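Read in order, the letters of the sequence shown are residues 47 to 216 in the numbering used here. Note that beta-carbon positions come from the ideal geometry of N, C-alpha and C, so glycine has one too. Note that the coordinates shown come from a computational prediction; the quantities given were computed from them, not determined experimentally. Notes to accompany the following structure.
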Amino acid sequence: MTFEDVMMGFEAIRKDFIEIKESFKETNKAINNLTDKWGNFVVGLVLPAMQKMFQEKGIVVETISRSVQSKVKDAEMEIDILAVNGEYVVAVEIKSTLGVNDVDDHIERLAKFKQAFKVYADRNVIGAVAGIVINEGVDRYAYKNGLFVIGQSGDTVKILNDDKFEPRCF
47 MTFEDVMMGF EAIRKDFIEI KESFKETNKA INNLTDKWGN FVVGLVLPAM QKMFQEKGIV
107 VETISRSVQS KVKDAEMEID ILAVNGEYVV AVEIKSTLGV NDVDDHIERL AKFKQAFKVY
167 ADRNVIGAVA GIVINEGVDR YAYKNGLFVI GQSGDTVKIL NDDKFEPRCF
């Protein structure tokens with residue numbers, strides 16, 4: 047085998063690698079597009095039920111916003127759904143599959159919420175997590191950490207917490 051043969055082999059491998067890399071980029075883009083659509087579907091289930099769900103828990107929601115963002119330094123965050131009245135702000139994190147890390151991440155966001163959204167500094171900030179699929183034990187974990195848990199119920203969603211539940215104020 048000559049040096050030229052080796053170089054031609056390396057060139058062929060380089061071209062194959064470039065093709066694989068481009069194919070990976072296209073696949074990743076398609077997966078992200080599908081994930082975004084699934085996420086929008088889940089938000090679409092929770093959003094219309096917000097007012098009724100929280101009214102049943104004694105929290106009358108006056109304003110509901112989707113995808114609320116803060117760019118405040120050291121408190122950057124996005125809240126999937128924000129429900130507000132004169133006394134409470136309910137910050138909801140929505141996942142297609144809800145896991146413990148999602149709950150922990152949301153608790154971290156809630157701890158910085160008043161720094162991120164100073165306009166709500168005088169309100170009781172409470173949290174909720176929602177999932178179409180809720181990994182085993184995650185509902186109890188969120189409950190014990192003072193979060194409302196929203197899950198699928200038939201063709202809609204509902205708050206899964208019992209009447210003994212006391213939400214944690216952040």
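Item	Value
Within 8 Å, strictly: CB atoms of Met96 and Ala129	yes
Distance between Val106 and Leu91 (C-alpha atoms, nearest Å)	19 Å
For Tyr134, the residue or residues it bridges with in DSSP	Asn170
Where the alpha helix (DSSP H) through Phe159 begins and ends	Val146 to Ala162
Alpha carbon of Ile196 to alpha carbon of Asp151, nearest angstrom	17 Å
As assigned by DSSP and simplified to three states, the class of Glu139	strand
Under 8 Å between C-beta atoms of Leu156 and Val184	no
Collapsed DSSP secondary structure at Ala121 in the structure displayed	coil
Nearest-angstrom Cα separation, counted from Ala174 out to Asp201	20 Å
Straight-line gap, Lys141 to Gly177 (C-alpha atoms, nearest Å)	5 Å
Residue interval of the alpha helix (DSSP H) (run including Arg186)	Val184 to Lys190
Supposed close pair Asp126, Glu108 - CB separation, criterion 8 Å	Contact doesn't hold; Cβ gap of about 18 Å is too wide.
Sequence-distant residues of the same chain with beta carbon closer than 7 Å to Lys103, five excluded per side	Ile205
Beta carbon of Val135 nearer than 8 Å to that of Arg112	no
With 16 other Cβ atoms within 10 Å as the buried cut-off, status of Val171	buried
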